[in-house]
Amino acid sequence: MEAAEPNYVRAEARSFAVLQRFGIDAPNFEIRDVARGLDIAVKIGGVSGGDARIVKTKDGRGIIRLNSAITDPARQRFSIAHEIGHWEQHPNLDQGYLCTAADLRDYGRSAAEAEANWFAATLLMPKFLLPPDVFKQDPKLEFVRTFAKDFGTSLTAAARRFVELSNQPVVLVASNQGQVAWCAQSKTAKTKYYFLKVGIPIPPDSVTADVIRENATDIRSDKMAPNVWFPTYRFDREAELFEEVRYSPTYDGALTLLWIPG
Ligand SMILES: [Zn+2]
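Numbering (the numbering used here), first residue to last: 294 to 555.
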């Protein structure tokens, strides 16, 4: 059976409607107030086998439960926004949705999870609140870091939103234990088919491979031939790739921006 395609247009329309309904006109708003306004209680704990869960009670109210292991406020905000996304878009809430860490980051697992993620990203980082030059910004993690701080999201969520909106050919690569966990592309990168398969090893000559070897936690960047990352593609001789990476030894995870101007 063919899997249903996620409806991103509807997801963004629903998040916009929620923002309008609650008169939200500034970033980093209190997501718990939004939940309360929708008659959804948010509780910590009481969920296992996933990061977050939403159910609808018989009298029509909602209950979101967050795994107590998630203590980072930015991750809690995204999880709550994601569950509100199910509430606003999906039927069958009587049985509820149990969402794993992978559901909360991966847009490819199921249409409902992708729609809940798109709802969350556009609720927390709506276009009308973004800095006006965000589309034209050179892809830089320093900018993404400020963006994440201003909007109360994780670096990963902000980087993903930035890449999706960017006018530049830019690819975001999340890797774990030296392998690609997922990648996201800007529209321009998609038209050029810049893509990395899940599970492939990080190229040994990349900056990402360097920081993993060195356990480095500072943001590092360098310029190189695009074939380091995309060995089977044909590039002009003068083509350049800019790579910037932040590595977290605690999770053995790296977040890498690849930018191929031109
Ligand atoms: Zn979900």
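C-beta atoms are modelled at their ideal positions from N, C-alpha and C, and glycine is treated no differently.
Quantities reported herein were computed from a predicted structural model and do not represent experimental measurements.
Residue i versus the options, residue with shortest Cα-Cα distance
i, options, result
"Lys480", "Leu458, Pro497 and Leu465", "Leu458"
"Tyr301", "Arg506, Leu312, Gly353 and Asn410", "Asn410"
"Pro320", "Pro542, Thr415, Glu536 and Leu422", "Leu422"
"Gly471", "Ile495, Asn460 and His383", "Ile495"
"Leu331", "Pro524, Ser341, Ala297 and Arg314", "Arg314"
"Pro554", "Thr525, Pro519 and Phe371", "Pro519"
"Arg438", "Asp431, Lys429, Gln430 and Ala451", "Ala451"
"His379", "Val348, Lys336 and Glu298", "Val348"
"Asn469", "Ala502, Asp318, Asp387 and Ile324", "Ala502"
"Pro419", "Glu531, Glu533, Asp318 and Pro432", "Asp318"
"Pro299", "Gln369, Phe436, Gly338 and Ala404", "Ala404"
"Ile337", "Asp365, Glu381 and Arg307", "Asp365"
"Ala306", "Gln369, Gly339, Glu381 and Phe322", "Glu381"
Alpha-carbon to alpha-carbon, residue j and residue i
i, j, result
"Phe444", "Ala367", "9 Å"
"Met517", "Leu550", "13 Å"
"Gly492", "Gly316", "43 Å"
"Arg329", "Gly355", "9 Å"
"Trp522", "Ala395", "25 Å"
"Gln478", "Arg506", "26 Å"
"Val427", "Phe455", "7 Å"
"Tyr487", "Tyr526", "9 Å"
"Tyr390", "Asn460", "35 Å"
"Tyr540", "Ala547", "4 Å"
"His383", "Asp529", "47 Å"
"Pro425", "Ala362", "36 Å"
"Ile357", "Thr350", "11 Å"
"Lys442", "Ser341", "29 Å"
"Ser308", "Glu533", "38 Å"
Same chain, Cβ closer than 7 Å to residue i, neighbours up to 5 away in sequence not counted
i, result
"Thr466", "Looking at the sequence shown, residue 466 is not Thr but Val. So the list reads Val473, Cys476, Leu489, Thr549 and Leu551, once near-sequence residues are dropped."
"Pro542", "Asn508 and Thr510"
Residues of its chain near residue i, where Cβ-Cβ distance is below 6 Å and the 5 sequence neighbours each way are ignored
i, result
"Arg513", "Val500, Val504 and Val538"
"Glu295", "Since pLDDT at Glu295 reaches only 47, below the 50 mark, its modelled position is unreliable, and no value is offered."
"Val311", "none"
"Ala414", "Arg454"
Contact belief for residue i with residue j at Cβ below 8 Å, rounded distance in angstroms
i, j, result
"Glu408", "Ala304", "5 Å"
"Cys392", "Gly343", "5 Å"
"Ala374", "Asn360", "Actually they are not in contact, since the Cβ atoms of Ala374 and Asn360 sit about 16 Å apart, beyond 8 Å."
"Pro462", "Ala482", "5 Å"
"Leu417", "Phe371", "7 Å"
Per-residue DSSP class, three states only, for residue i
i, result
"Met294", "Low confidence applies to Met294: its pLDDT is 40, below 50, so where it sits in the model is not reliable, and the reading given next is rough at best. Here Met294 sits in coil by DSSP."
"Thr446", "coil"
"Ala414", "helix"
"Gly355", "strand"
"Trp522", "coil"
"Asp503", "helix"
"Asp515", "strand"
"Glu531", "coil"
Residues near residue i by beta carbon distance below 8 Å, same chain, minus five either side
i, result
"Gly401", "Ala407 and Trp475"
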